[in-house]
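Q: Mapping of the sequence shown onto our numbering: position 141 corresponds to residue 943, and the numbering continues sequentially without gaps. After the structure tokens below, expect a handful of questions from me.
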Amino acid sequence: MELTGALAGFTLALQNTSLIALTGLITGIAAAFSMATSEYLSKKAEEGEDAKNPLRAALYTGVAYLITVFALIAPYLILDNFYVCLAITLAIAILIIAAFNYYIAVARGQSFKRRFLEMAGISLGVTALSFGIGWLARQFLGVEI
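Quick look at the structure:
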């Protein structure tokens, strides 16, 4: 969710697909390392028979996050219109959220619709807020690229 929000903010602040892709890639890779490290520490803290292999858990988390990063920044690497890129990135994010929530709903026997709408709503809300922050930052700092 945070990368989608960051990309929205970068889109309005930078208004250049190459710069948005660059900043998104750096932000996303740093976030992937952070998530993998957090997963490692979380699993390492578990005790007992249910404890998982922390290195494997960190690797899975990091790789999954990196795949997501590349999926979300791909439009900025391919297209020139930053608004179209943002729309495609949002669609990709919604598809990822849907796939994740479908898996969780089936595995846990929970309602897909409720979980999906909640997570998609939060993600889109964060994205809209970040988009506004990007616009405000651009105006306040007088950045013209």
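Glycine included, C-beta positions come from ideal geometry on N, C-alpha and C.
Where does the unbroken alpha helix (DSSP H) through Ile869 begin, and where does it stop?
A: Start and end: 856-880.
Q: Decide if Phe942 is buried, meaning its Cβ has at least 16 other Cβ atoms within 10 Å, or exposed.
A: It counts as exposed.
Q: In three-state terms, what does DSSP make of Gln817?
A: Correct three-state label for Gln817: coil.
Q: So the alpha helix (DSSP H) Asn883 belongs to, where does it begin and stop?
A: That residue, Asn883, is in no alpha helix (DSSP H); it is neither H nor E in DSSP.
Q: Closest to Thr806 by CA distance: which of Phe914, Ala939, Phe884, Ser932 is it?
A: Closest option to Thr806, Cα to Cα, is Ser932.
Q: State yes or no: is the C-beta of Ile831 within less than 8 Å of the C-beta of Thr870?
A: Not a contact, by the Cβ cut-off of 8 Å.
Q: Tell me the rounded alpha-carbon separation between Val865 and Ala922.
A: Between Val865 and Ala922, the C-alpha separation is close to 22 Å.
Q: Going by CA-CA distance only, name the one from Asn903, Ile947, Phe812, Val928 that's closest to Arg916.
A: Nearest option by C-alpha distance: Asn903.
Q: Let's see if you can read the secondary structure: which residues bound the alpha helix (DSSP H) around Ile947?
A: No alpha helix (DSSP H) contains Ile947, which DSSP labels as neither H nor E.
Q: Going by beta-carbon coordinates alone, are Ile822 and Leu843 separated by less than 8 Å?
A: Against a cut-off of 8 Å, the Cβ pair of Leu843 and Ile822 comes out as no contact.
Q: Could you check where the alpha helix (DSSP H) with Ser913 kicks off and where it finishes?
A: Looking at the DSSP string, Ser913 is not in any alpha helix (DSSP H), and its letter there is neither H nor E.
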